[in-house]
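J.:
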Amino acid sequence: MPESRGQWSGRIGFILAATGSAIGLGNLWKFPYITHENDGGAFVLVYIAAVIVVGIPIMMAEILVGRRTQLSPVGAFRTLAQDRPGGGLWSGVGFLGVVAGFTILSYYCVVAGWTIHYTGLALSGRLVEMAGDAHVLQDYFGGEFLASGKHQVGYHLLFMVLTTSAVYFGVKGGIERVARILMPVLFLILVVLVIYSTTTPGFAAAIDFLFRPDFSTLTKGSVLEALGHAFFTLSLGMGAMLTYGSYMGRDISIPRAALQISALDTVIALMACVIMFSIINSANIEVSKSSTILFTTIPTVFAKLPGANLITAMFYILIGFAALTSTISLLEVVSSFAIDELGWSRRRATVTMGTAIAIFGVLNALSLGASSTLSAVNLIGRESTAGIFGTMDYLASNWFLPVGGLLIALFAGWVLGVRASREELETGHGEVSGFQVWRFLIRFVAPLAVGAIIVSVILGKEYQ
Ligand code: TRP
């Protein structure tokens with residue numbers, strides 16, 4: 311007999327864990343830099359529209375499939391598709407999710423590990439010292455730090471150990487407990503940093519940049535990038551929300567939860583932007599539109615402000631905490647597959663899968679050192695200036711997540727019966743007044759929008 315499946319302690323537990331999954335490097339790192347690349351205001355609006363029109367409906371679909379079956383992705387699709395056209399093939403969507411989780415995690419953990427090192431550097435005062443000269447810091451990051459296999463592998467493994475330990479202790483005792491501690495701290499640090507940023511001279515310009523849309527700068531590429539990012543940041547398209555939904559009680563409203571998680575995720579991404587653009591504007595320096603600004607430019611700017619050591623340390627702790635609750639959800643998808651499908655115990659599943667991913671990640675970590683430039687990482691033969699994160703991002707945002715998301719939307723809209731989906735959305739909620747709207751979005755709008763991303767990738771018009 312497999313051991314009993316875990317469950318969240320209640321609504322708050324679920325919301326915290328799911329928000330923890332959603333809020334991660336995507337919010338604190340990727341969103342600010344793509345907003346910067348895409349010139350602010352109009353891009354932010356399009357992104358918010360993508361969250362509402364595509365993100366929230368797909369999140370509802372994932373959670374409802376998970377809770378209905380109380381199974382992880384592979385089993386969930388297999389069960390629901392049993393007597394439908396295409397039947398067993400649908401469990402492939404679940405497998406795709408497991409592969410995606412494995413891949414994303416093996417990169418994500420390397421980057422997440424950097425935050426541990428930078429927290430240490432900040433606390434010791436060394437970071438601020440180096441940051442006095444932008445070139446010194448740039449050289450340190452791009453050269454010494456990335457080239458140090460010891461550092462890259464060490465911090466990656468440390469982060470994997472933290473991740474695996476949380477998942478090891480189960481849904482309530484591990485995942486939820488960590489989220490309950492880290493999420494409030496994360497929020498508090500963000501609020502402190504936002505208040506801090508209002509006192510900087512660049513604050514007004516940051517607000518202007520973010521919230522005054524100029525549609526003349528918007529390209530088709532920005533629209534697709536906003537859409538792709540909505541997937542990544544909401545942890546959609548690979549069954550993470552589905553898995554978390556499978557531990558959810560029947561007394562919780564799915565539409566309301568999806569709305570709250572998405573709103574929190576977006577607010578926090580915007581707060582991260584306010585902080586970063588305020589300090590960047592304050593420094594009055596030309597900032598390159600690069601994905602590495604978090605570890606190169608940002609400390610340079612912090613260094614010029616009062617309280618630099620502490621503020622910088624807090625900043626990296628914030629990113630590390632956000633990343634940890636996300637890596638936990640990625641590992642949970644892979645582990646729950648082994649638990650549900652292979653009949654392994656949770657302990658065996660997490661330790662085995664955690665170790666396998668850690669080993670795969672070591673290769674990624676070492677590939678950074680193989681050449682001392684960031685563009686060295688080139689897993690799939692595509693020159694990627696954003697390096698390791700870019701490659702991971704390329705695979706995830708362009709292939710795994712859109713394809714997974716498209717299939718999940720098609721499944722919820724066309725394969726799963728209207729009765730079943732209505733019933734599940736109403737469980738714990740009562741009558742869902744916008745049900746027809748949801749159904750329209752999930753049947754037509756979401757597949758078309760996500761299909762557009764996939765088509766543009768296939769045609770080679772990558773949007774990044
Ligand atoms: N959403 C997280 C972020 O923004 C990353 C993440 C965690 C994720 N779990 C996921 C992305 C599942 C896609 C699918 O950093």
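Numbering (the numbering used here), first residue to last: 311 to 774.
Don't be surprised by glycine CBs; every beta carbon is placed ideally from N, CA and C.
Since we're looking at a predicted model, the values are computed, not measured.
(1) For the region 732-773, which segments carrying the alpha helix (DSSP H) assignment without a break, of at least 4 residues, lie completely within its bounds, in sequence order?
(2) Please classify lysine 340: does DSSP put it in a helix, a strand, or coil?
(3) Using a Cβ-Cβ cut-off of 8 Å (strictly less than) and excluding sequence neighbours within five positions of histidine 427, which residues of its own chain qualify?
(4) CA-CA distance, alanine 441 and arginine 658?
(5) Are there 16 or more other CB atoms within 10 angstroms of the CB of histidine 539, so buried, or fewer, so exposed?
(6) What does the alpha-carbon distance come out to for the pair arginine 749 and glycine 715?
(7) Measuring CB atoms only, is the region 556-572 touching the region 725-733, in the sense that at least three cross pairs come out at less than 8 Å?
(8) With a cut-off of 8 Å, do at least 3 Cβ pairs link the region 755-764 to the region 397-404?
(9) Go ahead and label tyrosine 506 buried or exposed: buried means 16 or more other beta carbons lie within 10 angstroms of its beta carbon, across all protein chains shown.
(10) Count the other CB atoms within 10 Å of the CB of lysine 530; is the residue buried (16 or more) or exposed (fewer)?
(11) Shorter than 7 Å, the distance from the beta carbon of alanine 328 to the closest heavy atom of ligand 1, or not?
(12) Below 8 Å, how does it come out for the region 665-677 and the region 570-582: are there three or more Cβ pairs, yes or no?
(13) Just verifying my parser: in three-state terms, what is the DSSP assignment at lysine 614?
(14) DSSP three-state call for phenylalanine 353: helix, strand or coil?
(15) Is asparagine 337 near ligand 1, with its Cβ less than 7 Å from a heavy atom?
(16) Tell me whether aspartate 650 is buried or exposed, calling it buried when 16 or more other Cβ atoms sit within 10 Å of its Cβ.
(17) Helix, strand or coil, according to DSSP, for threonine 779 in the structure here?
(18) Can you look up tyrosine 557 in the DSSP assignment and give me helix, strand or coil?
(19) When DSSP labels each residue in this structure, what does proline 367 get in the three-state scheme?
(20) Count the other C-beta atoms from every protein chain shown that fall within 10 angstroms of the C-beta of phenylalanine 525, then say buried if there are 16 or more, exposed otherwise.
(21) Would leucine 634 pass as a contact of threonine 389 if the rule is Cβ separation under 8 Å?
(22) Looking at the unbroken alpha helix (DSSP H) that takes in alanine 722, where does it start and where does it end?
T.: On the basis of the coordinates in this document:
(1) You should have 745-750, 756-768.
(2) As a position in the sequence shown, residue 340 is number 30, starting the count at 1. Correct three-state label for lysine 340: helix.
(3) Position 117 of the sequence shown, counted from the first residue, corresponds to residue 427. Excluding positions up to five away in sequence, the list reads Phe455, His461, Tyr465.
(4) Taking the sequence shown and counting its residues from 1, one reaches residue 441 at position 131. Taking the sequence shown and counting its residues from 1, one reaches residue 658 at position 348. Alanine 441 and arginine 658: Cα-Cα distance of roughly 44 Å.
(5) In the sequence shown, residue 539 corresponds to position 229, counting from 1. Under this definition histidine 539 is a buried residue.
(6) Your numbering for residue 749 matches position 439 in the sequence shown. Your numbering for residue 715 matches position 405 in the sequence shown. Rounded to the nearest angstrom, the two C-alpha atoms are 15 Å apart.
(7) No, they do not touch.
(8) Below 8 Å, too few C-beta pairs join the region 755-764 and the region 397-404 to call them touching: fewer than three.
(9) Counting from one through the sequence shown, the residue named residue 506 turns up at place 196. When all chains shown are included, tyrosine 506 counts as buried.
(10) Indexing the sequence shown from 1 puts residue 530 at position 220. It counts as exposed.
(11) One-based indexing of the sequence shown puts residue 328 at position 18. Checking the Cβ of alanine 328 against ligand 1 gives no.
(12) The answer is no - the region 570-582 does not touch the region 665-677, with fewer than three Cβ pairs under 8 Å.
(13) Taking the first residue of the sequence shown as position 1, residue 614 is located at position 304. If DSSP states are grouped into helix, strand and coil, lysine 614 belongs with coil.
(14) For the purposes of this step, residue 353 is identified with residue 43 of the sequence shown, where counting begins at 1. Reduced to three states, the DSSP call for phenylalanine 353 is helix.
(15) By 1-based counting over the sequence shown, the position of residue 337 is 27. Relative to ligand 1, the nearest heavy atom lies less than 7 Å away from the CB of asparagine 337.
(16) Locating residue 650 in the sequence shown gives position 340, where the first residue counts as 1. Aspartate 650 should be labelled buried.
(17) Past the boundaries of the shown model lies residue 779; the chain is included only from 311 to 774, so the question cannot be answered.
(18) In the sequence shown, residue 557 corresponds to position 247, counting from 1. Three-state DSSP puts tyrosine 557 in coil, outside helix and strand.
(19) Position 57 of the sequence shown holds residue 367. If DSSP states are grouped into helix, strand and coil, proline 367 belongs with the helices.
(20) Here residue 525 corresponds to residue number 215 of the sequence shown, with the count starting at 1. Exposed, since its Cβ has fewer than 16 Cβ neighbours within 10 Å.
(21) Stepping through the sequence shown from its first residue, residue 634 is reached at position 324. Stepping through the sequence shown from its first residue, residue 389 is reached at position 79. With respect to threonine 389, leucine 634 sits apart: the two C-beta atoms are not nearer than 8 Å.
(22) Translated into the one-based positions of the sequence shown, residue 722 becomes position 412. No alpha helix (DSSP H) holds alanine 722; DSSP gives it neither H nor E.
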